[in-house]
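Colleague: Sharing a structure below in C-alpha cells format, with a few things to ask.
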Amino acid sequence: MSKSIVRAIWLIPLLLVPIGMAQAQPRTLDIYWIDVEGGAATLIVSPSGESLLIDAGWEVGDRDPKRIVAAAQQAGLKKIDYFVLTHFHSDHAGGLPALAKLIPIEKCLDHGTVTEPANQKWLDAYLSVCGTKRTMVSAGDRIPLKGLQVDVVASDGRLLAKPINGGGPNSLCATAERKPQDSPENLRSIGTLFTYGKFTFLDLGDLDWATELDLSCPVNKVGAVSIYQTSRHGAFDGAGAPAHLYAITPQVVVVNNGPRKGLGGPTGSSKVRGGHYERIAKTPGIEGIWQGHLSLLDKDHNTAENMTANLEETAECQGHWIRASVGQNGTYTITNSRNGFSKTYTAR
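Just so it is clear: in the sequence shown, position 282 is 282 by this note's numbering, and no numbers are missing.
Spelled out as C-alpha cells, the structure:
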C-alpha cells in the first residue's frame, strides 16, 4: 500500500469527527409560558426530550388547549409525559378535558383530592382525564423527569422540611409584613423547583403571601433562583411577599398575567391595586421582567413592550408565548414569539 493511501486512510477519522460532533449537539432545556390570559400553563421540555406541563388554563372552548398543543408542536412533542395540576381552580384546571382530546397525557400528578365543594367541578374534570393515571405528590418528593432535577417544594398545604438549593437563614424575616391566609385551595398548590446545572426555575402555583413567608421564614428553603414565575399571576396584594421575593433573588421574573387579571389588579380577597410591578422591579439583582400580557389594570407600570408577549384585549389576542432555552453551561435565552425579540442571561 502506498504512503499516500495510508495517509488518506489515517485522515478519514479526523475529518469525520467534526461532522459527527456537529450532528450531536446537546438539546437545551426549554420552558414555554403559554398565554392562557391570566390562567396558567407552563410547558417544560427536558434536554432528554421528556415533557412536563404545569396546569392547563381556562375552560374557554378549546382556546387554551389549542395554544398548549401549538407550543408542544413547536417543541417537537407528540405527547405530554407528565401533567402537574397545581390546584383545583378554573384558571388552572379548566382546559384539561379539551386538552386530553388533542394530545395524549401519560401521567398526572396532584396534591390529593381534598378540596372545597366550590371546586368540585374542577376536581371532577381532572379525574375524568387522570383518574386511572394520577399520583399524589408531597413536599420533598422528586418528579423523575429525565435530564433535570424536579423537586416538589410545596403540596397540600405542606412545605419542605429542610432547605435545598443553598437555602438558609433569611434576615428579611425580622421585619416581614404578615397577612392572613387566603383561599384554602390556593394554599394546597403544588410548588416545584427545576434544576439544570446552575440554572433554577421556581413555580409556586397560587401560593399566597402567608405561605410564601412560611416557605422563606425564618429559613429560605428554596435558595436563590434564576427564573421565578409569579404566584397569583402577579397580583401581588395577595402574594409576592418582599421577604420571600427578595430572598429568592430571581434574575428574571415571568408574569403569567392577562390583560385584566393578575399584575396591577387585586386578588379576589382584596381591593388593593397597583405597586406590584414596582415591587418586582426592586428585586435585588434583577436583570429582566417578562410579561404574558400588557396589563390594562395599571397601564403605567408594565415591562418594556418588546418583553411583553401580548398587547391586545382578550377578543383580539393571538396567544403568543414566551420561551426560555437553557444550555448546559447555565446560559439561557428568553424569546418573545410575538416579535422575535430575545435576550440572553447567565445563571449566577
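Quick reminder that beta carbons are idealized off the backbone N, C-alpha and C, glycines included.
Small disclaimer: the values here were computed from a predicted structure and weren't measured.
Between which two residues does the beta strand (DSSP E) harbouring GLN229 extend?
Modeller: Taking the first residue of the sequence shown as 1, we reach residue 229 at position 229. Taken as a continuous stretch (DSSP letters only), the beta strand (DSSP E) holding GLN229 covers 227–229.
Colleague: LEU204: which of LEU102, PRO284, ASP151, SER325 sits nearest, CA to CA?
Modeller: The residue labelled residue 204 in the question sits at position 204 within the sequence shown. Selected option, being the one with the closest Cα: ASP151.
Colleague: To test your reading of the DSSP string, which unbroken alpha helix (DSSP H) runs of 4 or more residues are found completely within the segment 27–64?
Modeller: Whole alpha helix (DSSP H) segments, 4+ residues: zero.
Colleague: Helix, strand or coil: how does DSSP classify LEU159 here?
Modeller: Against the sequence shown, residue 159 aligns to sequence position 159. The answer is strand: DSSP assigns LEU159 an E or B state.
Colleague: Note down, in chain order, each residue of its chain lying with its Cβ closer than 7 Å to the Cβ of CYS217, except the 5 sequence neighbours on either side.
Modeller: For the purposes of this step, residue 217 is identified with residue 217 of the sequence shown, where counting begins at 1. Cβ neighbours of CYS217 beyond the five flanking positions: ASN170, CYS173, ALA176, ALA243.
Colleague: Is the segment 41–61 touching the segment 157–169 in the sense that three or more CB pairs, one from each, lie closer than 8 Å?
Modeller: With a cut-off of 8 Å, the segment 41–61 and the segment 157–169 do not count as touching, because too few Cβ pairs lie within range.
Colleague: Beta carbon of THR195, beta carbon of GLN149: below 7 Å?
Modeller: Sequence index remark: in the sequence shown, residue 195 carries index 195 (1-based). Sequence index remark: in the sequence shown, residue 149 carries index 149 (1-based). It is a contact, given that the beta carbons lie within the stated cut-off.
Colleague: Are TRP33 and ILE289 closer than 7 Å when you measure CB to CB?
Modeller: As a first step, residue 33 must be located in the sequence shown, where it is residue number 33. As a first step, residue 289 must be located in the sequence shown, where it is residue number 289. Contact flag unset, no.
Colleague: In the structure shown, what three-state DSSP assignment does TRP209 receive?
Modeller: Taking the first residue of the sequence shown as 1, we reach residue 209 at position 209. TRP209: helix per DSSP, three-state reduction.
Colleague: Cβ atoms of LEU123 and THR132: under 7 Å apart, would you say?
Modeller: Within the sequence shown, the letter at position 132 stands for residue 132. Within the sequence shown, the letter at position 123 stands for residue 123. No; because the gap between Cβ atoms is not below 7 Å, this pair is not in contact.
Colleague: Please state whether DSSP places TRP10 in a helix, a strand or coil.
Modeller: Here residue 10 refers to the residue found at position 10 when the sequence shown is read from its first residue. Confidence is the limiting factor: at TRP10 the pLDDT is only 43, short of 50, which leaves the residue's position unreliable, though a coordinate-based value still follows. Reduced to three states, the DSSP call for TRP10 is helix.
Colleague: Hey, ALA125 and ALA75: beta-carbon distance below 7 Å or not?
Modeller: For the purposes of this step, residue 125 is taken as residue 125 along the sequence shown, with counting starting at 1. For the purposes of this step, residue 75 is taken as residue 75 along the sequence shown, with counting starting at 1. Result no, Cβ atoms of ALA125 and ALA75 do not sit closer than 7 Å.
Colleague: With a threshold of 16 other CB atoms inside 10 Å of the CB of SER128, please say whether the residue is buried or exposed.
Modeller: What you label residue 128 is simply residue 128 of the sequence shown in a count that begins at 1. That one is exposed.
Colleague: Mark ASN257 as exposed unless 16 or more other C-beta atoms lie within 10 angstroms of its C-beta, in which case mark it buried.
Modeller: The residue given as residue 257 occupies position 257 in the sequence shown. With 16 or more other Cβ atoms within 10 Å, it is buried.
Colleague: Beta carbon of ALA41, beta carbon of ILE80: below 7 Å?
Modeller: Within the sequence shown, the letter at position 41 stands for residue 41. Within the sequence shown, the letter at position 80 stands for residue 80. In this structure, ILE80 does not lie closer than 7 Å to ALA41 by Cβ.
Colleague: Alpha carbon to alpha carbon, what distance is there between LYS101 and THR227?
Modeller: For this step, residue 227 is matched to residue 227 along the sequence shown. For this step, residue 101 is matched to residue 101 along the sequence shown. Residue 227 is actually Ile in this sequence, not Thr. ILE227 and LYS101: Cα-Cα distance of roughly 31 Å.
Colleague: What are the uninterrupted segments assigned as alpha helix (DSSP H) that are 4 or more residues long and contained completely in the segment 82–168, given in chain order?
Modeller: Complete alpha helix (DSSP H) runs here, min 4: 90–93, 96–100, 120–130.
Colleague: Can you tell which of CYS108, VAL153, ALA161 has the C-alpha that lies nearest to the C-alpha of MET136?
Modeller: Here residue 136 refers to the residue found at position 136 when the sequence shown is read from its first residue. Of the candidates CYS108, VAL153, ALA161, the one whose C-alpha sits nearest the C-alpha of MET136 is CYS108.
Colleague: Please name the residue in ALA235, LYS78, ILE44, SER155 whose C-alpha comes closest to that of ARG27.
Modeller: As a working note, residue 27 is residue 27 in the sequence shown. Nearest option by C-alpha distance: ILE44.
Colleague: Under 7 Å between the Cβ atoms of ASP156 and GLY112?
Modeller: Locating residue 156 in the sequence shown gives position 156, where the first residue counts as 1. Locating residue 112 in the sequence shown gives position 112, where the first residue counts as 1. Closer than 7 Å, so yes.
Colleague: Give a single yes or no on whether GLU37 has its beta carbon closer than 6 Å to a heavy atom of the ligand HEM.
Modeller: The model on display carries no ligand, and the ligand HEM is accordingly not part of it.
Colleague: So the candidates are VAL225, ALA70, GLY240, PRO65; which of them puts its Cα closest to the Cα of PHE199?
Modeller: Within the sequence shown, residue 199 is the residue found at index 199, counting from 1. The candidate whose alpha carbon is nearest that of PHE199 is VAL225.
Colleague: Assuming ARG323 is part of the beta strand (DSSP E), what are its boundary residues?
Modeller: If you number the sequence shown from 1, residue 323 lands on position 323. Unbroken beta strand (DSSP E) run through ARG323: 322–326.
Colleague: Can you look up LYS198 in the DSSP assignment and give me helix, strand or coil?
Modeller: If you number the sequence shown from 1, residue 198 lands on position 198. DSSP places LYS198 in coil when its eight states are reduced to three.
Colleague: Is LYS299 helix, strand or coil by DSSP?
Modeller: Reading the sequence shown from its first residue, position 299 is the one you call residue 299. It is coil, neither helix nor strand.
Colleague: Just confirm the distance between the C-beta atoms of TRP209 and GLY234, as a whole number of angstroms; I'd bet it's less than 8 Å.
Modeller: Walking along the sequence shown from the start, residue 209 turns up at place 209. Walking along the sequence shown from the start, residue 234 turns up at place 234. At roughly 13 Å, the Cβ-Cβ gap does not stay under 8 Å, so TRP209 and GLY234 are not in contact.
Colleague: Quick check on ASP203: does DSSP put it in helix, strand or coil?
Modeller: Taking the first residue of the sequence shown as 1, we reach residue 203 at position 203. Looking at ASP203 - three-state DSSP - the assignment turns out to be strand.
Colleague: I need the DSSP call for SER171, collapsed to helix, strand or coil.
Modeller: As a first step, residue 171 must be located in the sequence shown, where it is residue number 171. In the structure shown, SER171 sits in a helix (DSSP, three-state: H, G or I).
Colleague: Quick check on ILE286: does DSSP put it in helix, strand or coil?
Modeller: By one-based count along the sequence shown, residue 286 stands at place 286. Coil, per DSSP.
Colleague: List the DSSP bridge partners of ASN310.
Modeller: Taking the first residue of the sequence shown as 1, we reach residue 310 at position 310. Per DSSP, HIS293.
Colleague: Have a look at GLY327 and GLY147 and give me their C-alpha separation to the nearest angstrom.
Modeller: As a first step, residue 327 is located in the sequence shown; it is residue number 327 there, counting from the start. As a first step, residue 147 is located in the sequence shown; it is residue number 147 there, counting from the start. If I take the Cα positions, the gap works out to 12 Å.
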